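**Q**
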Amino acid sequence: MAKVSVIYWQNIPSVVEVRDRRARHKIELDRRFQELIDLVAMKKRLAGTDAYLEQWQKTPLEERAGSPPEIARAVADEIESRFDTIRADVLAQIAADE
Numbered sequence: 015m016a017k018v019s020v021i022y023w024q025n026i027p028s029v030v031e032v033r034d035r036r037a038r039h040k041i042e043l044d045r046r047f048q049e050l051i052d053l054v055a056m057k058k059r060l061a062g063t064d065a066y067l068e069q070w071q072k073t074p075l076e077e078r079a080g081s082p083p084e085i086a087r088a089v090a091d092e093i094e095s096r097f098d099t100i101r102a103d104v105l106a107q108i109a110a111d112e
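Residue 39 in my numbering sits at position 25 of the sequence shown, and the numbers go up by one each step.
#1: With distance defined between alpha-carbon atoms, name the residue in 36, 23, 22, 28 nearest to residue 15.
#2: Report the three-state DSSP secondary structure of residue 33 (helix, strand or coil).
#3: For residue 77, I'd like the list of residues in its chain whose CB is within less than 8 Å of its CB, leaving aside the five on either flank, ordered along the chain.
#4: When the Cβ atoms of the stretch 58-75 are set against those of the stretch 40-47, are three or more pairs found closer than 8 Å?
#5: To the nearest angstrom, report how far apart residue 50 and residue 107 are at their CA atoms.
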């Protein structure tokens, strides 16, 4: 069994990390996610600040069967398929905060 974790900036996923006893594999999500992170950071005036760095968090480890590269790709695909929903939720939250 491999252990999966997703790195988020606030509630926006950015990186999938998977490891087992022998290997570690990391996949950065599509650039759209980083662009969304940058947009939110600029709107909240956090870009380039310590507050920006403090927003990064990692999910608790979750076990999955398979090799680290296979699992990382599957998890990344799952997250990337939800981009439009994630983006809409994030933008709605920004609008509510303004």
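Idealized CB from N, CA, C, for every residue including glycine. It should be emphasised that the depicted structure is a prediction, and the values quoted were computed from it without experimental measurement.
**A** On the basis of the coordinates in this document:
#1: Shortest Cα-Cα distance from residue 15 to any of 36, 23, 22, 28 involves 36.
#2: Residue 33 falls in the strand class under three-state DSSP.
#3: Excluding positions up to five away in sequence, the list reads 15, 16, 17, 18.
#4: At 8 Å Cβ cutoff, the stretches do not touch.
#5: Take the alpha-carbon of residue 50 and the one of residue 107: they are about 13 Å apart.
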